[in-house]
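S.K.:
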Amino acid sequence: MKKLILLLILASLSCKEQGTNATAQSEVLTATEFKTAISKKKVQLVDVRTPDEYAEGHIENAVNIDYYRDDFSSAFNNLDKDKPIYIYCRSGNRSGKAAIILSDLGFKEIYDLKGGFSNYN
(Lines of atoms letter the chains of each structure in order from A and count residues from 1; the text may use other names and numbers.)
(Lines give C-alpha, C1' and ligand atoms only; values in the text may rest on other atoms or scores of the structure.)
Protein backbone atom coordinates (compact mmCIF):
# COMPACT_ATOMS: atom_id res chain seq x y z
CA MET A 1 0.00 0.00 0.00
CA LYS A 2 2.84 2.40 0.85
CA LYS A 3 4.45 1.70 -2.53
CA LEU A 4 1.18 2.45 -4.31
CA ILE A 5 0.81 5.78 -2.52
CA LEU A 6 4.42 6.66 -3.33
CA LEU A 7 3.87 5.81 -7.01
CA LEU A 8 0.74 7.97 -7.12
CA ILE A 9 2.58 10.91 -5.59
CA LEU A 10 5.48 10.55 -8.07
CA ALA A 11 3.07 10.29 -10.99
CA SER A 12 1.27 13.42 -9.82
CA LEU A 13 4.52 15.38 -9.60
CA SER A 14 5.54 14.20 -13.05
CA CYS A 15 2.25 15.40 -14.55
CA LYS A 16 2.62 18.81 -12.92
CA GLU A 17 6.12 19.21 -14.36
CA GLN A 18 4.93 18.25 -17.84
CA GLY A 19 2.08 20.77 -17.61
CA THR A 20 4.52 23.50 -16.65
CA ASN A 21 6.75 22.76 -19.62
CA ALA A 22 3.78 22.84 -21.99
CA THR A 23 3.38 26.60 -21.51
CA ALA A 24 7.09 27.44 -21.47
CA GLN A 25 7.30 27.62 -25.26
CA SER A 26 8.23 31.27 -25.74
CA GLU A 27 11.65 32.78 -26.17
CA VAL A 28 12.47 36.29 -25.01
CA LEU A 29 14.60 38.21 -27.51
CA THR A 30 16.64 41.36 -26.98
CA ALA A 31 15.65 44.38 -29.04
CA THR A 32 18.53 43.71 -31.45
CA GLU A 33 17.58 40.05 -31.88
CA PHE A 34 13.92 40.96 -32.31
CA LYS A 35 14.69 43.62 -34.96
CA THR A 36 16.90 41.20 -36.86
CA ALA A 37 14.33 38.41 -36.77
CA ILE A 38 11.40 40.50 -37.96
CA SER A 39 13.41 42.22 -40.70
CA LYS A 40 14.53 39.01 -42.42
CA LYS A 41 11.14 37.89 -43.65
CA LYS A 42 7.42 38.50 -43.43
CA VAL A 43 6.41 37.42 -39.94
CA GLN A 44 3.34 37.34 -37.73
CA LEU A 45 3.96 40.42 -35.60
CA VAL A 46 1.46 41.33 -32.88
CA ASP A 47 1.34 44.36 -30.59
CA VAL A 48 -0.72 43.42 -27.53
CA ARG A 49 -1.00 46.99 -26.18
CA THR A 50 -4.19 49.03 -26.13
CA PRO A 51 -5.34 50.78 -29.32
CA ASP A 52 -4.33 54.14 -27.80
CA GLU A 53 -0.79 52.89 -27.10
CA TYR A 54 -0.61 51.42 -30.59
CA ALA A 55 -1.74 54.74 -32.13
CA GLU A 56 1.08 56.57 -30.32
CA GLY A 57 3.63 54.44 -32.16
CA HIS A 58 4.24 50.81 -33.07
CA ILE A 59 6.59 48.56 -34.99
CA GLU A 60 5.92 48.65 -38.72
CA ASN A 61 3.53 45.91 -39.95
CA ALA A 62 2.44 44.97 -36.42
CA VAL A 63 -1.18 43.95 -35.94
CA ASN A 64 -2.82 45.31 -32.81
CA ILE A 65 -4.60 42.73 -30.64
CA ASP A 66 -5.29 44.34 -27.29
CA TYR A 67 -4.46 42.02 -24.38
CA TYR A 68 -7.43 43.44 -22.45
CA ARG A 69 -9.99 42.57 -25.16
CA ASP A 70 -12.73 40.21 -24.02
CA ASP A 71 -12.08 38.09 -27.12
CA PHE A 72 -8.26 38.22 -26.91
CA SER A 73 -7.77 34.48 -27.41
CA SER A 74 -10.18 34.15 -30.32
CA ALA A 75 -8.58 37.15 -32.07
CA PHE A 76 -5.66 34.83 -32.91
CA ASN A 77 -7.84 32.38 -34.85
CA ASN A 78 -6.79 33.91 -38.18
CA LEU A 79 -3.07 33.46 -37.47
CA ASP A 80 -1.07 30.35 -38.36
CA LYS A 81 -0.15 28.35 -35.24
CA ASP A 82 2.60 26.52 -37.13
CA LYS A 83 4.46 29.71 -38.07
CA PRO A 84 6.55 31.78 -35.65
CA ILE A 85 4.73 34.64 -33.93
CA TYR A 86 6.47 37.73 -32.55
CA ILE A 87 4.73 39.66 -29.79
CA TYR A 88 5.39 42.77 -27.75
CA CYS A 89 3.74 45.20 -25.36
CA ARG A 90 4.99 48.32 -23.59
CA SER A 91 7.36 46.74 -21.06
CA GLY A 92 7.16 42.96 -21.51
CA ASN A 93 4.57 42.17 -18.84
CA ARG A 94 1.46 41.73 -20.99
CA SER A 95 3.36 40.03 -23.80
CA GLY A 96 4.79 37.54 -21.31
CA LYS A 97 1.27 36.68 -20.19
CA ALA A 98 0.10 36.62 -23.81
CA ALA A 99 2.88 34.15 -24.65
CA ILE A 100 1.44 31.68 -22.14
CA ILE A 101 -2.03 32.08 -23.66
CA LEU A 102 -0.65 31.61 -27.18
CA SER A 103 1.20 28.49 -26.11
CA ASP A 104 -2.02 27.13 -24.63
CA LEU A 105 -3.76 27.92 -27.95
CA GLY A 106 -1.23 25.74 -29.77
CA PHE A 107 1.27 28.23 -31.16
CA LYS A 108 4.61 26.45 -31.44
CA GLU A 109 7.16 29.28 -31.82
CA ILE A 110 6.54 32.42 -29.78
CA TYR A 111 9.06 35.24 -29.57
CA ASP A 112 8.61 38.01 -27.01
CA LEU A 113 10.42 41.37 -27.09
CA LYS A 114 12.46 41.82 -23.90
CA GLY A 115 11.57 45.11 -22.23
CA GLY A 116 8.76 45.70 -24.74
CA PHE A 117 8.29 48.61 -27.12
CA SER A 118 9.86 50.95 -24.55
CA ASN A 119 13.13 49.10 -25.10
CA TYR A 120 12.80 48.76 -28.89
CA ASN A 121 13.89 52.20 -30.06
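Under UniProt numbering, the first residue of the sequence shown carries the number 1, and numbering increases by one thereafter. By construction, the Cβ of each residue, glycine as well, lies at the ideal position given by its N, Cα and C atoms. None of the values given here were measured: they were computed from a predicted structure.
1) Is the beta carbon of Glu60 sitting closer than 8 Å to the one on Tyr111?
2) Count the other CB atoms within 10 Å of the CB of residue 208; is the residue buried (16 or more) or exposed (fewer)?
3) Nearest to Asp80 by CA position, among Ser103, Thr32, Asp71, Ala37, is which residue?
4) To which residues does DSSP link Asn64 through a beta bridge?
5) Inspect the beta-carbon positions of Ala75 and Ile87 and report whether they are closer than 8 Å.
6) To the nearest angstrom, report how far apart Ser91 and Lys97 are at their CA atoms.
7) Got a sec, what are the start and stop residues for the beta strand (DSSP E) Asp70 sits in?
8) With the cut-off set at 8 Å, would you say Val46 and Ile85 are in Cβ contact?
9) Return the CA-CA distance between Gly115 and Ser73, expressed in angstroms with no decimal places.
10) What residue does the alpha helix (DSSP H) around Glu33 start on, and which one ends it?
11) Closest to Asn78 by CA distance: which of Phe107, Asp70, Pro51, Thr50 is it?
12) In angstroms with no decimal places, state the Cα-to-Cα distance between Thr32 and Lys40.
M.R.: Let me lay it out:
1) Going by C-beta atoms, Glu60 is not nearer than 8 Å to Tyr111.
2) The structure shown does not extend to residue 208, since the chain spans only 1 to 121, so no value can be given for it.
3) Ranking Ser103, Thr32, Asp71, Ala37 by Cα distance to Asp80 puts Ser103 first.
4) Under the DSSP definition of a beta bridge, Asn64 partners with Asp47.
5) No, the pair does not count as a contact, with Cβ atoms beyond the cut-off.
6) Computed Cα separation, rounded: 12 Å.
7) No beta strand (DSSP E) holds Asp70; DSSP gives it neither H nor E.
8) Yes. Within cutoff.
9) A straight-line Cα-Cα distance of about 23 Å links Gly115 and Ser73.
10) Note, Glu33: alpha helix (DSSP H), 31-40.
11) Put simply, of Phe107, Asp70, Pro51, Thr50 the residue whose alpha carbon is nearest the alpha carbon of Asn78 is Phe107.
12) Thr32 and Lys40: Cα-Cα distance of roughly 13 Å.
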